[in-house]
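Asks: Count the sequence shown with the numbering used here and you get residues 939 to 1356, in order.
Cβ atoms here follow ideal geometry from the backbone N, Cα and C, with glycine treated the same way.
Below you will find the structure I want to go over with you.
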Amino acid sequence: MPLRNKIRPHAPADRPSPQSRSIGARSRTLPASALSSWGGARLALTAFFAVDGLLFAAWVVRIPDIRNQVSASHGALGLALLCVSAGAVATMPLVSRLCLRYGSRPITVASLALLALSVPLPAHTHSVPALGGVLLLFGAGYGGANVAMNSAAVEIVSELGRPVMPSFHAGYSLGGLLGAGAGGLLAGTLTAAQWLAVAGLLGLAVTALAGAALLRSPAARPVGTAAASASSSSGRTAAGAGRVLVLLLGLTAFCTAYGEGAIADWTTVHLTDDVQAGAQAAAAGYVAYALAMTTGRIGGTWLSVRLGQNRVMLLGGSTAAAGMLLAALAPLVPLALAGFVLVGLGLANLFPLAIARAGAAGGPRGVALASTLGYGGMLIGPPVIGFLADATSLPLALTTVAVAAAVAALLPLAVRRH
């Protein structure tokens, strides 16, 4: 679900903007050698996004095993899972300052290394408090990596002058797909400890290789000073409208991240406990979701250009709401998997478009506010689902994701007025 620098408008909301036309003009003036150098940086950073998604999915598909290991109820597991988001949110402001001081690229390498080192730790816990403690560390690496990676991505998008941000998020989703798929296939062969250790070693290897390439690539120029100057001279009315717009986009990110967090943490548990799926079929639920999200993000730029960002967000939220109702309430595994496919397609571009547009409207402060609201949704999603599941049932609790997606579908109508 990631972004502390100003994001230039990648694609029009409903029509091309002057800024987007100037970006396109600048990209045509870049020499071939510069495009090649930045293409290498783009490839290395995409590898970081992919390994980030892989490590997170590697943990997600073994949550039922860890839950049994620590003997946690739904509510207790929700509190432990809360620590992932708590660690991420607590780390984000610090990582943002570190990126400004030392550059986003070395902080990206350090954060991914921390994430890879922490992913095997949950398999060695035997109580809920111990699990929560290691998940705080895991969340710190995950949150730090997402802030640093997205900050680096913003710089590369600015240098290339092309709307390539969805491709980075597609890399994340592809990594999640690979991690969930491999984790499901090896569920009957490797224990949770063995699988998470393999994932951690793979993460360290990719971090070393991609980090060397990323750190060797050309330095990027600062992004966002022009937008900040323009916004300061536009008057109080325009500034107030910009803040309202950023808040609306942040709420969109909140609703989207609420759904993404719930899907990541509760999909395998729901399929195992409520739909009576086996370990491999339960892992297939997250695989189906991740595959659909990857596909949606690969086509995200094209869709935004063809339909406009507002329509993409409206259709995406509506599709996710319908899919979540099917996934939560269907009694059969194939129907539930189909629901998760719709959720993945629907949620695919909501968060990236919301954060990008918040950056275009409010500069770095807009990105920071929308990102914080977005991670707030991820923060409260898992425990809310857990407590509601204890009070009612897990399928009924998961329908709140459909409600959040429906709200996200309607918000673009309000955004368009500003």
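Go through its chain and collect everything with a Cβ distance to residue 1256's Cβ below 6 Å, but skip five positions before and after it.
Replies: Hits under 6 Å: 1347.
Asks: Please classify residue 1107 as buried or exposed, where buried requires at least 16 neighbouring CB atoms within 10 angstroms.
Replies: Buried, because 16 or more other Cβ atoms sit within 10 Å of the Cβ of residue 1107.
Asks: Pick from 1268, 1289, 1262 and 1267: whose alpha carbon is nearest that of residue 1278?
Replies: Minimum Cα distance to residue 1278 is reached at 1262.
Asks: For the alpha helix (DSSP H) that contains residue 1235, what are its first and last residues?
Replies: Taken as a continuous stretch (DSSP letters only), the alpha helix (DSSP H) holding residue 1235 covers 1217-1236.
Asks: Using alpha carbons as the reference points, say which of 1254, 1183 and 1271 lies closest to residue 1217.
Replies: Nearest C-alpha to residue 1217: 1271.
Asks: Consult DSSP for residue 1287 and reduce its assignment to one of helix, strand or coil.
Replies: In this structure, residue 1287 counts as coil in the three-state DSSP scheme.
Asks: Buried or exposed, going by whether 16 or more other CB atoms sit within 10 Å of the CB of residue 1295?
Replies: Under this definition residue 1295 is a buried residue.
Asks: Rounded to whole angstroms, what is the Cα-Cα separation between residue 1189 and residue 1311?
Replies: Each residue's Cα considered, the two are about 7 Å apart.
Asks: Taking contact to mean 3 or more Cβ pairs, one atom from each stretch, closer than 8 Å, check whether the region 1321-1332 and the region 1274-1288 are in contact.
Replies: No, because fewer than three Cβ pairs between the region 1321-1332 and the region 1274-1288 fall closer than 8 Å, the two stretches do not touch.
Asks: Do residue 1103 and residue 987 have their C-beta atoms closer together than 8 Å?
Replies: In this structure, residue 987 does not lie closer than 8 Å to residue 1103 by Cβ.
Asks: Skipping 5 residues on each side, what residues in its chain have a beta carbon closer than 6 Å to that of residue 1056?
Replies: Only 1075, 1076 and 1079 meet the Cβ criterion.
Asks: Can you check which of these residues, 1210, 1049 and 1314, is closest to residue 1332 by C-alpha distance?
Replies: That would be 1210, whose Cα lies nearest to the Cα of residue 1332.
Asks: Going by C-alpha to C-alpha distance, which of 1219, 1184, 1242 and 1334 sits closest to residue 1124?
Replies: Out of 1219, 1184, 1242 and 1334, 1219 has the C-alpha closest to the C-alpha of residue 1124.
Asks: Identify whether residue 1056 lies in helix, strand or coil by the three-state DSSP scheme.
Replies: Helix at residue 1056.
Asks: Return the CA-CA distance between residue 1026 and residue 1269, expressed in angstroms with no decimal places.
Replies: Distance between the alpha carbons of residue 1026 and residue 1269 is about 35 Å.
Asks: Helix or strand or just coil, what does DSSP make of residue 1246?
Replies: The answer is coil: DSSP assigns residue 1246 none of H, G, I, E or B.
Asks: If you follow the alpha helix (DSSP H) that residue 1000 is part of, which residue opens it and which one closes it?
Replies: Neither: residue 1000 is in no alpha helix (DSSP H) and is coded neither H nor E.
Asks: Of all the alpha helix (DSSP H) runs that stay within the bounds of the region 1001-1033, which reach a length of 4 or more residues?
Replies: Fully enclosed alpha helix (DSSP H) runs of 4 or longer: 1001-1008.
Asks: With a Cβ-Cβ cutoff of 8 Å, do residue 1206 and residue 1221 count as a contact?
Replies: Contact flag set, yes.
Asks: How long is the line joining the alpha carbons of residue 904 and residue 1289, rounded to whole angstroms?
Replies: This structure cannot settle anything about residue 904, because the visible part of the chain is limited to 939 through 1356.
Asks: How do the region 1015-1030 and the region 1133-1149 stand: do at least 3 beta-carbon pairs fall below 8 Å, yes or no?
Replies: Touching, no.
Asks: Considering only residues of the same chain and omitting the five flanking positions on each side of residue 1250, which have a CB-CB separation below 6 Å?
Replies: For residue 1250, where only same-chain residues beyond five positions count, the Cβ hits under 6 Å are 1241, 1242 and 1287.
Asks: Measuring straight from C-alpha to C-alpha, what distance separates residue 1349 and residue 1062?
Replies: If I take the Cα positions, the gap works out to 43 Å.
Asks: Helix, strand or coil: how does DSSP classify residue 1321 here?
Replies: Note: residue 1321 maps to helix in three-state DSSP.
Asks: Measure the CB-CB distance between residue 1012 and residue 1212 and report whether it falls below 8 Å.
Replies: No, Cβ-Cβ distance for residue 1012 and residue 1212 is not below 8 Å.
Asks: Do residue 1001 and residue 1069 count as a contact pair if the criterion is CB distance below 8 Å?
Replies: No, the Cβ-Cβ distance between residue 1069 and residue 1001 is not below 8 Å.
Asks: Tell me the rounded alpha-carbon separation between residue 1181 and residue 1352.
Replies: So the two alpha carbons sit approximately 13 Å from each other.
Asks: Tell me, please, whether the CB atom of residue 1220 is closer than 8 Å to any CB atom in chain D?
Replies: Of the chains in the structure shown, none is chain D; there is only one protein chain.
Asks: Within 10 angstroms of its Cβ, does residue 1155 collect 16 or more other Cβ (buried), or is it exposed?
Replies: Classification for residue 1155: buried.
Asks: Compute the Euclidean distance between the alpha carbons of residue 990 and residue 1105, then round it to the nearest angstrom.
Replies: Those two C-alpha atoms are separated by around 14 Å.
Asks: Keeping to the same chain, check which residues put their C-beta closer than 7 Å to that of residue 1170; ignore five residues upstream and five downstream.
Replies: For residue 1170, the predicted structure reports a pLDDT of 47, less than 50, and the residue's modelled location is therefore unreliable. A value from the coordinates is still provided. Here the set comprises nothing.
Asks: Could you compute how far the alpha carbon of residue 1058 sits from the alpha carbon of residue 1134?
Replies: So the two alpha carbons sit approximately 5 Å from each other.
Asks: For residue 1064, does the count of other Cβ atoms within 10 angstroms reach 16, so buried, or fall short, so exposed?
Replies: Its Cβ having fewer than 16 others within 10 Å, residue 1064 is exposed.
Asks: State yes or no: is the C-beta of residue 1121 within less than 8 Å of the C-beta of residue 985?
Replies: No, Cβ-Cβ distance for residue 1121 and residue 985 is not below 8 Å.
Asks: Would you kindly work out how many angstroms separate the C-alpha atoms of residue 1196 and residue 1085, rounded to a whole number?
Replies: Going by the C-alpha atoms only, they are around 18 Å apart.
Asks: State the Cα-Cα distance for the pair residue 1050 and residue 1044, rounded to the nearest angstrom.
Replies: So the alpha carbons of these two residues sit roughly 10 Å apart.
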